[in-house]
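Asker: Residue numbers for the sequence shown follow the numbering used here, beginning at 2 and rising by one.
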Amino acid sequence: MIKTPLCDLLGIEHPILQGGMAWVSTPRLVAAVSEAGALGILGAGNAPPNLVLEYIRQVKQLTSKPYGVNFPMFSPYVQDIVDICARERVPVVTTGAGNPSAYIPVMKAAGIIVMPVVASAALAKRLARAGADGLIAEGGESGGHIGDVSTMALVPQVVDAVQIPVVAAGGLADGRGLAAALALGAVGIQMGTRFICTTECEVHFNYKDMIVKAGDRATITTGHSLGHPVRALRNPMTRKFEEMEKTGLSEAQLIEFGTGKLRLAVEGNVTEGSFMAGQSCGLINDILPAAELIQRILSQAEEMLVRLPQYVRGSEQASQSRNS
Ligand SMILES: Cc1cc2nc3c(=O)[nH]c(=O)nc-3n(C[C@H](O)[C@H](O)[C@H](O)COP(=O)(O)O)c2cc1C
Numbered sequence: 002m003i004k005t006p007l008c009d010l011l012g013i014e015h016p017i018l019q020g021g022m023a024w025v026s027t028p029r030l031v032a033a034v035s036e037a038g039a040l041g042i043l044g045a046g047n048a049p050p051n052l053v054l055e056y057i058r059q060v061k062q063l064t065s066k067p068y069g070v071n072f073p074m075f076s077p078y079v080q081d082i083v084d085i086c087a088r089e090r091v092p093v094v095t096t097g098a099g100n101p102s103a104y105i106p107v108m109k110a111a112g113i114i115v116m117p118v119v120a121s122a123a124l125a126k127r128l129a130r131a132g133a134d135g136l137i138a139e140g141g142e143s144g145g146h147i148g149d150v151s152t153m154a155l156v157p158q159v160v161d162a163v164q165i166p167v168v169a170a171g172g173l174a175d176g177r178g179l180a181a182a183l184a185l186g187a188v189g190i191q192m193g194t195r196f197i198c199t200t201e202c203e204v205h206f207n208y209k210d211m212i213v214k215a216g217d218r219a220t221i222t223t224g225h226s227l228g229h230p231v232r233a234l235r236n237p238m239t240r241k242f243e244e245m246e247k248t249g250l251s252e253a254q255l256i257e258f259g260t261g262k263l264r265l266a267v268e269g270n271v272t273e274g275s276f277m278a279g280q281s282c283g284l285i286n287d288i289l290p291a292a293e294l295i296q297r298i299l300s301q302a303e304e305m306l307v308r309l310p311q312y313v314r315g316s317e318q319a320s321q322s323r324n325s
């Protein structure tokens with residue numbers, strides 16, 4: 002059994018978070034993950050508040066276990082979603098793409114556990130000072146909007162920068178990833194891309210199939226000229242976006258072209274959709290129920306963690322002399 006302080010903080014059995022994914026992590030997936038003992042997180046994205054409220058109520062009908070709501074700071078409805086989360090007594094909120102400091106006090110006053118996603122040690126320090134309960138350190142390997150530091154380098158630096166629990170995200174898709182994250186000082190992992198390939202995830206089959214077939218170099222980042230890079234599977238849409246960035250189109254034109262493209266991917270449009278996914282896609286070879294995936298990851302991580310002490314020469318004598 003792998004138990005970490007994250008399990009105590011969130012009241013969950015397994016230290017695994019299903020990352021909030023706009024239009025992708027809908028109530029069915031969220032509830033399945035929470036029912037399996039991990040933490041399912043709704044992706045509010047930039048959805049209107051009434052839809053987010055409906056989603057939250059659906060999750061509550063499907064599970065009585067802890068769950069979370071995620072919103073990116075670029076949503077035009079941040080204040081409304083914060084109010085809804087407080088009113089609906091949402092147990093956990095995670096935020097993405099920005100600094101949620103201003104909203105932390107009101108969420109904490111409502112009893113919400115707040116865990117922002119960070120891509121740098123500097124933001125981690127600021128959010129710890131602002132009262133965050135924990136942080137999710139997300140490396141640039143991940144799918145969706147990304148920072149530029151890799152998970153391997155970012156996680157231990159965030160762990161060193163703050164005194165609150167840190168969850169590792171980006172490029173993690175199996176038990177080896179969980180074991181490695183714990184070795185880096187994290188108290189658990191958050192995965193997005195791996196959870197897309199579950200039976201309960203409601204995206205079109207084409208999306209899951211593209212991830213299953215993808216290799217390690219199947220993703221590309223676009224949007225650097227906008228200052229907000231996005232990682233997605235290479236397809237005609239990303240090629241067109243790349244060309245448009247090179248021809249120096251205005252920011253407004255690029256944003257207009259990119260808007261709504263994740264929803265097209267969710268609907269299975271393989272040429273025009275933006276199939277956001279991380280570099281872990283090369284590790285994902287099947288679509289299976291969330292509960293089975295979580296169990297598989299846990300047993301693989303346990304196996305790794307039990308096996309690793311063999312590399313410590315003299316560890317037996319050391320532990321024997323400690324015990325005597
Ligand atoms: C399709 C997709 C949509 C995402 N949308 C969001 C989002 O709305 N808010 C957010 O904070 N992170 C978002 N993420 C990031 C995930 O929550 C998670 O941190 C990330 O996927 C972890 O890296 P991985 O993809 O390598 O597992 C998204 C990721 C994907 C793949």
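The C-beta atom is built at its ideal place from N, Cα and C for all residues, glycine as well. Note that the coordinates shown come from a computational prediction; the quantities given were computed from them, not determined experimentally.
Nearest-angstrom Cα distance between asparagine 286 and proline 67?
Answerer: 29 Å
Asker: Any heavy atom of ligand 1 closer than 7 Å to the Cβ of valine 79?
Answerer: no
Asker: Write down every uninterrupted run of the beta strand (DSSP E) in the stretch 146-182 whose length is 3 residues or greater and which is fully enclosed by it, in chain order.
Answerer: Runs of the beta strand (DSSP E) lying entirely within the stretch 146-182, each at least 3 residues long, are 167-170 in chain order.
Asker: Relative to ligand 1, is the shortest distance from any of its heavy atoms to the C-beta of arginine 195 smaller than 7 Å?
Answerer: yes
Asker: Between leucine 10 and the rest of its own chain, which residues show a CB-CB distance below 7 Å, the 5 nearest in sequence each way excluded?
Answerer: Ile114, Asp134, Gly135 and Pro166
Asker: Report the rounded CA-to-CA distance for glutamine 164 versus valine 271, giving the unit in angstroms.
Answerer: 44 Å
Asker: Comparing alpha-carbon positions, which option in Asn100, Ala154, Arg88 and Thr194 lies nearest leucine 30?
Answerer: Thr194
Asker: For serine 143, is the beta carbon positioned less than 7 Å from some heavy atom of ligand 1?
Answerer: At least one heavy atom of ligand 1 is nearer than 7 Å to the Cβ of serine 143, so yes.
Asker: Could you tell me whether any non-hydrogen atom of ligand 1 is closer than 7 Å to the CB of serine 281?
Answerer: yes
Asker: Looking at the structure shown, is asparagine 71 part of a helix, part of a strand, or coil, going by DSSP?
Answerer: strand
Asker: Quick check: the Cα distance between aspartate 84 and glycine 46, rounded to an integer number of angstroms?
Answerer: Whole-angstrom Cα-Cα distance: 16 Å.
Asker: By DSSP, does proline 106 sit in helix, in strand, or in coil?
Answerer: helix
Asker: For valine 119 and glycine 171, I'd like the C-alpha separation in whole angstroms.
Answerer: Taking the straight line from one Cα to the other gives about 11 Å.
Asker: Below 7 Å CB to CB, which residues in the same chain sit around serine 102 once its five sequence neighbours on both sides are set aside?
Answerer: Arg127, Leu128 and Ala131
Asker: Between the beta-carbon of serine 275 and the beta-carbon of leucine 263, is there less than 8 Å?
Answerer: yes
Asker: Taking only heavy atoms of ligand 1 into account, decide whether any of them is closer than 7 Å to the Cβ of glycine 97.
Answerer: yes
Asker: With a cut-off of 8 Å, do at least 3 Cβ pairs link the stretch 38-52 to the stretch 76-83?
Answerer: yes
Asker: By how many angstroms is the C-alpha of valine 156 removed from the C-alpha of valine 150?
Answerer: 9 Å
Asker: State buried or exposed for alanine 125, treating a residue as buried only when at least 16 other CB atoms are found within 10 Å of its CB.
Answerer: buried
Asker: Check the C-beta distance from glycine 97 over to glycine 21 and give it rounded, since I have them as a contact under 8 Å.
Answerer: 7 Å
Asker: Any idea which residues DSSP pairs threonine 222 with across the strands?
Answerer: Arg232
Asker: In angstroms, rounded to a whole number, what distance separates the CA positions of alanine 138 and valine 168?
Answerer: 6 Å
Asker: What are the boundary residues of the beta strand (DSSP E) that includes glutamine 80?
Answerer: No beta strand (DSSP E) holds glutamine 80; the alpha helix (DSSP H) holding it covers 79-88.
Asker: Could you tell me the alpha carbon to alpha carbon distance between threonine 222 and arginine 314, rounded to whole angstroms?
Answerer: Roughly 42 Å between the two C-alpha positions.
Asker: Ordered along the chain, which non-local residues of its own chain (more than five positions away) have a Cβ less than 8 Å from that of leucine 255?
Answerer: Gly224, Ser226, Leu227, Phe242, Met245 and Glu246
Asker: Helix, strand or coil for threonine 5, going by three-state DSSP, please let me know.
Answerer: coil
Asker: Taking all protein chains shown into account, do 16 or more other C-beta atoms lie within 10 angstroms of the C-beta of alanine 32, making it buried, or fewer, making it exposed?
Answerer: Buried, by the Cβ-count rule.
Asker: Verify the contact flag: methionine 238, CB atom, against every heavy atom of ligand 3, threshold strictly below 7 Å.
Answerer: For ligand 3, the structure offers nothing, since it holds only ligand 1.
Asker: Thinking just about the alpha-carbon of each residue, which of His146, Ser121 and Gly176 is nearest to the one in aspartate 161?
Answerer: Ser121
Asker: Distance check for isoleucine 212 and threonine 64, CA to CA, integer angstroms please.
Answerer: Each residue's alpha carbon lies about 28 Å from the other.
Asker: Going by DSSP in three states, proline 117 sits in which element: helix, strand or coil?
Answerer: strand
Asker: Give me whichever residues DSSP pairs with alanine 138 in a beta bridge.
Answerer: Val119 and Ala169
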